[in-house]
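Chemist: Take this structure first; my questions come after.
Residue numbers (my numbering): 4 to 63.
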């Protein structure tokens, strides 16, 4: 959770040039963390989690 908390709330330029917007929200007993990123390019620290959740939705 600390590595997710350390990420900026907006990563890259989600939605620029009509690109996909990825969003990850993690809710715990302590807080809620929301992160937006360019759909096919999540930050490296959350890439495995995003791929597991989306099951490669953003494939070319």
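Quick reminder that beta carbons are idealized off the backbone N, C-alpha and C, glycines included.
Going by DSSP, what residue range makes up the alpha helix (DSSP H) through residue 56?
Modeler: Here the alpha helix (DSSP H) through residue 56 covers 50 to 57.
Chemist: So is residue 25 buried or exposed if we call it buried at 16+ other beta carbons inside 10 Å?
Modeler: Counting Cβ neighbours within 10 Å, residue 25 comes out buried, since at least 16 surround it.
Chemist: Rank 42, 10, 30 and 6 by C-alpha distance to the C-alpha of residue 20 and give the top, closest one.
Modeler: Minimum Cα distance to residue 20 is reached at 42.
Chemist: Terminal residues of the continuous beta strand (DSSP E) containing residue 26?
Modeler: Note, residue 26: beta strand (DSSP E), 24 to 30.
Chemist: Let me check understanding here. Comparing Cα to Cα, which of 32, 31 and 46 lies closest to residue 14?
Modeler: Selected option, being the one with the closest Cα: 46.
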